[in-house]
Structure formats: C-alpha cells, structure tokens
Amino acid sequence: MNKKEKLICIGRITKAHGIKGELVVDFYGEEASLLKGYLFLSKNEEIQEVQAFSPDIKKIELNALRQHHGKLLIVLKDITTRNQAEDLKNFYLFIPESKLPELSDGEVYLHAILGANIEVEDKNGRRFLGVLESVDQSSGQELWEIITNDEKEVLFPAVSEFIKEFDLDNNLIIISPPEGLLDLYLTEPEN
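Position 32 of the sequence shown, counted from 1, bears residue number 32 in full-length UniProt numbering, the numbering being contiguous throughout.
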C-alpha cells in the first residue's frame with residue numbers, strides 16, 4: 001500500500017467473548033459483510049486515512065463473524081485467546097472507503113455529509129444556517145444536529161421532502177424546512 005487509502009469507521013470492539021479470542025463489536029453499519037477480508041484497527045476514532053507504516057493503525061484479517069444474542073461477534077487472525085481479545089477492547093474498526101457499495105441516485109453516506117454547510121432556501125431566499133454536527137437515527141426518524149454560528153442547536157428531520165440538494169463537491173446541503181420549524185430553535189423567547 002503506497003498511496004493513501006481513505007478509511008471509514010464502522011464499529012468499536014466492546015469486549016472479549018469466550019476464551020478463544022472472539023470479540024463483541026458495536027457495529028455502526030447495516031451489512032456485517034462489509035467487514036469481510038481485512039480491516040484496520042486503531043484506538044483513535046478520528047483516523048481518516050492510512051498509508052504504509054502508519055504507527056497508530058494495525059491492518060488485520062477477519063477470520064469469521066457471526067450474530068449472537070443480537071450482538072456481532074468477530075474473530076481476527078492471530079487473536080486466539082481471551083487475553084489477546086481483551087487487549088483490543090475499545091479499538092475502532094475501519095474499512096477502506098472503496099469497500100462501500102455503490103449508492104443509488106440521491107443517496108449519500110452519512111460520513112460524506114458530516115461537517116457539511118447547511119443552507120436554508122425558503123420564501124426569504126437562501127441563507128447559511130450552520131454546520132451538520134451529527135446524525136441521530138435512534139428514534140426511527142433521522143435527525144440532523146445542525147450547529148449555528150452562534151452555537152444554537154437545530155434538530156432537523158432529514159426527510160426527502162425537506163432536503164432540496166446535496167452538493168458534496170462543495171460540502172453543501174440545501175434544505176427547505178417546514179414553516180416555523182427553525183423559529184422553534186432560533187427565535188429568542190419573549191420575557
């Protein structure tokens with residue numbers, strides 16, 4: 001590997017399982033098959049890319065994976081004891097971005113939009129709102145946390161009818177929220 005390879009964080013090792021080196025993974029993706037082949041391990045969740053001889057990153061081969069009581073268990077090459085597995089607790093798992101499947105038109109990966117500038121387009125024209133800080137999918141409805149220049153948090157329901165455009169080349173998303181939604185977050189209460 002001579003050139004830099006872009007990496008995507010896809011999970012975190014939470015603990016050892018059993019005595020033969022199995023690892024429990026908090027998996028961030030939808031398809032565990034993305035882990036097949038080789039992966040990269042690092043204590044640093046913020047790693048973005050790797051090239052040969054990166055000291056903070058270990059390349060390792062996946063030997064097996066399975067589901068067990070709703071958890072993903074993996075076996076890594078040369079990890080054969082519980083002690084070896086415990087040493088990997090809290091390591092993050094990365095895959096090369098090139099392993100991600102192609103998306104349909106209009107679809108984007110979350111990692112590609114985090115940090116994007118958000119602009120609002122409505123009857124008043126187009127203006128900067130803030131930066132996409134995080135995405136919460138725990139409620140069944142995808143919510144974007146947008147942080148404004150004055151540090152206000154806006155929770156935006158990321159549904160297709162409110163998203164006008166993804167301009168990934170310019171790190172920009174244009175939204176058209178329902179009338180009154182932004183007022184909930186941006187209007188100061190009267191005393």
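Glycine included, C-beta positions come from ideal geometry on N, C-alpha and C.
Using a Cβ-Cβ cut-off of 8 angstroms (strictly less than) and excluding sequence neighbours within five positions of residue i, which residues of its own chain qualify?
i    : result
K164 : E121, I174, I175 and S176
L186 : T148, K152 and V154
E86  : K15 and A16
F94  : L7, I8, C9, I10, L39, F40, L41, S42, I47, V50 and I57
N44  : D56 and Y92
Straight-line CA distance for residue i to residue j?
i           : j    : result
K77         : L23  : 12 angstroms
H17         : R82  : 7 angstroms
Q84         : G21  : 7 angstroms
I60         : S134 : 29 angstroms
L143        : L88  : 32 angstroms
F162        : P178 : 7 angstroms
Q137        : D183 : 23 angstroms
I13         : V159 : 32 angstroms
I19         : A64  : 15 angstroms
E30         : Q48  : 20 angstroms
T80         : K4   : 30 angstroms
S139        : F156 : 13 angstroms
Y38         : V25  : 15 angstroms
K36         : D150 : 44 angstroms
residue 192 : Q141 : Past the boundaries of the shown model lies residue 192; the chain is included only from 1 to 191, so the question cannot be answered.
D105        : E46  : 28 angstroms
L62         : E145 : 34 angstroms
L91         : L103 : It is worth fixing the name first, because residue 91 is Phe in this sequence and not Leu. Using only the alpha carbons, I get a separation of about 28 angstroms.
H68         : P189 : 50 angstroms
V75         : L114 : 31 angstroms
S54         : P101 : 26 angstroms
What residues in its chain sit with their C-beta under 6 angstroms from that of residue i, if we drop five residues either side in the sequence?
i    : result
E97  : K6 and I8
F27  : G11 and L72
K108 : What sits at residue 108 in the sequence shown is Val, not Lys. The answer, listed in chain order, is F166.
L110 : V135
Looking at the structure shown, is residue i part of a helix, part of a strand, or coil, going by DSSP?
i    : result
K6   : strand
N149 : coil
D56  : coil
E88  : This sequence places Leu at residue 88; Glu is not what is there. In the structure shown, L88 sits in coil (DSSP, three-state: anything other than H, G, I, E or B).
A64  : strand
E97  : helix
L103 : coil
Y185 : helix
Under 7 angstroms Cβ to Cβ from residue i, same chain only, skipping five residues before and after it: list those, please.
i    : result
E119 : R126, R127, F128, L129, L172 and I174
N117 : F128, V131, N171 and L172
I147 : G130, V131, E133 and E153
R66  : L73
K99  : L34
Could you check how far apart the C-beta atoms of residue i and residue j are, in whole angstroms? I think they sit under 8 angstroms.
i    : j    : result
I57  : S42  : 5 angstroms
A112 : L168 : 6 angstroms
Flag residue i as yes when its Cβ comes closer than 6 angstroms to any non-hydrogen atom of the ligand HEM, and as no otherwise.
i    : result
V159 : This structure does not include the ligand HEM; it has no bound ligands of any sort.
Would a check of beta-carbon distances place residue i closer than 7 angstroms to chain B?
i    : result
G125 : Here there is only one protein chain, and chain B is not present.
Fully enclosed by the segment 108–159, which alpha helix (DSSP H) runs are 4 residues long or longer?
110–113
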